[in-house]
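Chains as they are written, first to last, in the numbering used here: chain P, 1 to 464; chain C, 1001 to 1464.
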């Protein structure tokens, strides 16, 4: 992990936000290579989830939405985390984290705690049964210093309208999914979609996380890639299994190692209040197995809630069977920043080449920030100019980078370290027969290719 | 304008945000065709501004930034709009708008108003010299009902950290440019860039606009496409002219009509406080000539301010000339939503085909949401299945749409209306000789193409 974080900073993948001002806590900016990688992952997902499916369309809803949306979704009432403070040492805990520790140590019952659900209405009720004044602060060890749990909403709020006293309180969306649900009717009415169909969206969401961390794994500002698939009730289980498998295979096609991925089916206790069944696709991060994507059977919970709160009928009329029903929703929800972290961790490798240690990112060519490094063997005799001319042509096909400084081995290694799949070198033979060497980052194979055919060769390799 | 707004709603380009809840004022969601068009414009800009330039790199900074950034940039102190209220009819005005009206009607001097600068330190001072109690409300006609001008900051604020009383006030960035300036040092240190070089970014920004409107032209949440070009002092004028021309030509390459575009050079009064010179690229909207993109010579204002506020040296050392200097910045700043509106307005056309009125969006193929409509002449005899097989192949190349319902003329018109450049029809001849008709949206020319060669033909046309 440290090596990847260091590489990210050193080579311009990820910078701390506002770093010259000391940074903003767990907020990150994407540098030249990072934004290229992120855009490529987003485009890969978008193509996979919209272009390749006749029955999935895209959407891009605004970050600011009507406040009623978050009442209907349950976020105003339920998107809260009970926090406990230590009056002695000022440490702050999620009540749920303390409960987990105490349960593991079999201390929970002694404090009066029972069977506490993960969330939902009964969560705080059950937490309040614990005799907090008798508990011990795990940080400073004081007994009787912990406060009762207090609720904190995880949504970030702002005020819309120029005069603060009269401004409307609105929220920065804590998830992108609701933008899809409230546009369901608009999409059905304008896009000729028929159940089963999907709506896909990539966008930012914001959460006032109490414990952000692990680099870009959990941040207050993050990007989601979600597809909500609307199905006929009764077909939800079939489609949940379909998307569970399709999404698992997607990560393999992205080049992620199979043995680092696993499926985790939610237990009854883990299920969110809106879900009838759910799977997580987990990745083995250096800090343990963690969720990379969630696939949920959300039933008709969301559309029913929005029907109730908006008064608009959000059902679907099937022209062929003449049936009218509220669709069930199967959700696939992935994190873009998290996926980027996984592609870096998974691609990171070290080996020894020609007696020299080498760091190499074995990124899939589809998502590599730069596709081709273009070098002149020496910085004279018209070799750099020839390389630059080749670069000008290839630049129209894909992102390339030219480098004429230092030893050729060092230049290859600089490109390997950022995951560039191919290197082209212009040498003295080029001036004679108009061929260049084309080197592969992983096999290290070098072949000679005619300059005329380079564009086709790169196109062919990119399409593989 | 009304026709384009209506088309946007009818065909799923743009929806009102949270419409089922009555909408959120001047906030818009992009439907299936809208998000495709927007993504295509963004990708076109990104390729043009980064991939095709060896010396321009990308960046994606977070929306949330350190609050000191907005002190350095001048937004905390200066990004304010003095407002005036009418106590009688409750109308609200930008003081500046009233001043303009009064100046035109030569009433300003009678009220004590003098030479009022557009912004900056002296702006409010000068406004206060006006004898507001003597003025007339332009809405209700009452004299003496206008309040003194009051300042309102246009930045949207929020609170970071779980406990509100202890939370830090941060702002949702009102512009993307500062994210580039505060990352200047990181980019220079990691990316081997040398002056002159550029940093490009596409991202959202938020302003608590007092008068949003004109559909997606001016909204509180919007997307900017900016490139900040760092140059040697003294070369700034040359580069301002270079980018002025390059950016003007960019709009032509996007297919915008030349006679709808013009350059406007800022007068001394119009120049922002950070600018030494500036041009607007304006488009003739149905509501008048308005700014589409600004190209500014921002001098060393921004880097000097951030040096002052952060204490970090933001200068550049030229290895070749051994000179150290603070670069000047030439900024090109375009609105993505505004560009999308322009592409729709500019492409909108009506004609008559075969005696039937036709609405057609003459969008450039590069940005058209769907590239190919694929139809079966009749819905029987294996024609739809043949068309679907062709669609499955072409889908890997570009977004396609199949339609087997209704008359072929009507299906063509549905595709013309959303700007699809080409239509493929499978008919009985296809079953015999494996050719289809390929129809061009603009020339209406129809040619027969072998199914085997369709992929190459579409690729070739897209690359034009």
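By construction, the Cβ of each residue, glycine as well, lies at the ideal position given by its N, Cα and C atoms.
Chain P within 9 Å of residue i, Cβ atoms only
| i | result |
| --- | --- |
| residue 1158 of chain C | yes |
| residue 1050 of chain C | yes |
| residue 1017 of chain C | yes |
| residue 1224 of chain C | no |
| residue 1407 of chain C | no |
| residue 1399 of chain C | yes |
| residue 1206 of chain C | yes |
| residue 1338 of chain C | no |
| residue 1430 of chain C | no |
| residue 1032 of chain C | yes |
| residue 1028 of chain C | yes |
| residue 1236 of chain C | no |
| residue 1001 of chain C | no |
Inter-residue Cα distance where the pair is residue i and residue j
| i | j | result |
| --- | --- | --- |
| residue 1114 of chain C | residue 1177 of chain C | 33 Å |
| residue 38 of chain P | residue 44 of chain P | 10 Å |
| residue 1420 of chain C | residue 1242 of chain C | 34 Å |
| residue 1021 of chain C | residue 308 of chain P | 11 Å |
| residue 192 of chain P | residue 1393 of chain C | 22 Å |
| residue 1463 of chain C | residue 1365 of chain C | 9 Å |
| residue 1171 of chain C | residue 1064 of chain C | 6 Å |
| residue 1058 of chain C | residue 1379 of chain C | 48 Å |
| residue 377 of chain P | residue 1189 of chain C | 25 Å |
| residue 201 of chain P | residue 180 of chain P | 8 Å |
| residue 1204 of chain C | residue 1030 of chain C | 14 Å |
| residue 1124 of chain C | residue 1014 of chain C | 38 Å |
| residue 96 of chain P | residue 159 of chain P | 31 Å |
| residue 341 of chain P | residue 173 of chain P | 23 Å |
| residue 1055 of chain C | residue 1186 of chain C | 16 Å |
| residue 1233 of chain C | residue 1247 of chain C | 22 Å |
| residue 1359 of chain C | residue 53 of chain P | 27 Å |
| residue 953 of chain C | residue 1406 of chain C | Chain C is shown only over 1001 to 1464; residue 953 of chain C falls outside these bounds and no answer can be derived. |
| residue 1268 of chain C | residue 1301 of chain C | 17 Å |
Sequence-distant residues of the same chain with beta carbon closer than 6 Å to residue i, five excluded per side
| i | result |
| --- | --- |
| residue 262 of chain P | 282 |
| residue 446 of chain P | 437 and 439 |
| residue 1208 of chain C | 1154 and 1156 |
| residue 1345 of chain C | 1004 |
Cβ-based neighbour list, residue i, same chain, cut-off 7 Å, excluding 5 preceding and 5 following
| i | result |
| --- | --- |
| residue 1252 of chain C | 1258 |
| residue 1276 of chain C | 1297 and 1299 |
| residue 139 of chain P | 86, 89 and 91 |
| residue 1468 of chain C | No answer is possible for residue 1468 of chain C: the residues shown for chain C start at 1001 and end at 1464. |
| residue 1231 of chain C | 1195, 1196, 1239, 1327, 1328 and 1330 |
| residue 1418 of chain C | 1011, 1033, 1361, 1369 and 1370 |
Close Cβ partners of residue i (< 8 Å) along its chain, the five nearest in sequence each way excluded
| i | result |
| --- | --- |
| residue 354 of chain P | 409 |
| residue 68 of chain P | 309 and 310 |
| residue 1452 of chain C | 1434 |
Residue-level contact to chain C via CB, residue i, 9 Å cutoff
| i | result |
| --- | --- |
| residue 86 of chain P | no |
| residue 97 of chain P | no |
| residue 137 of chain P | no |
| residue 310 of chain P | yes |
| residue 314 of chain P | yes |
| residue 20 of chain P | yes |
| residue 5 of chain P | no |
| residue 201 of chain P | yes |
| residue 25 of chain P | yes |
Whole-Å CB distance - residue i paired with residue j, under 8 Å assumed
| i | j | result |
| --- | --- | --- |
| residue 1224 of chain C | residue 1175 of chain C | 7 Å |
| residue 117 of chain P | residue 126 of chain P | 7 Å |
| residue 221 of chain P | residue 1062 of chain C | 5 Å |
| residue 4 of chain P | residue 1060 of chain C | Going by Cβ atoms, the distance from residue 4 of chain P to residue 1060 of chain C rounds to 18 Å, so no, they are not a contact pair. |
| residue 1007 of chain C | residue 66 of chain P | Contact flag wrong, Cβ pair sits at about 24 Å. |
| residue 1182 of chain C | residue 1306 of chain C | 6 Å |
Cβ-heavy atom distance, residue i to the ligand NAP, below 8 Å
| i | result |
| --- | --- |
| residue 1413 of chain C | With respect to the ligand NAP, the structure offers nothing, as it holds no ligand at all. |
Worksheet entry | Cβ-based contacts, 7 Å cut-off: residues of the region 1176–1196 of chain C near chain P | For the region 1176–1196 of chain C, the beta-carbon criterion of a distance under 7 Å to any beta-carbon of chain P is satisfied by 1179, 1182, 1183, 1185, 1186, 1187, 1190 and 1191.
Discussion item. Taking beta-carbon pairs under 7 Å, can you tell me which members of the region 1060–1088 of chain C lie near chain P?
Written reply: 1060, 1061, 1062, 1063, 1064, 1065, 1066, 1068, 1069 and 1083
Worksheet entry | Proximal residues, the region 36–47 of chain P versus chain C, C-beta separation under 7 Å | 36 and 38
Worksheet item: Using a beta-carbon distance cut-off of less than 8 Å, what residues from the region 1339–1353 of chain C approach chain B?
Response: Structure shown: chain B not included; protein chains present are P and C.
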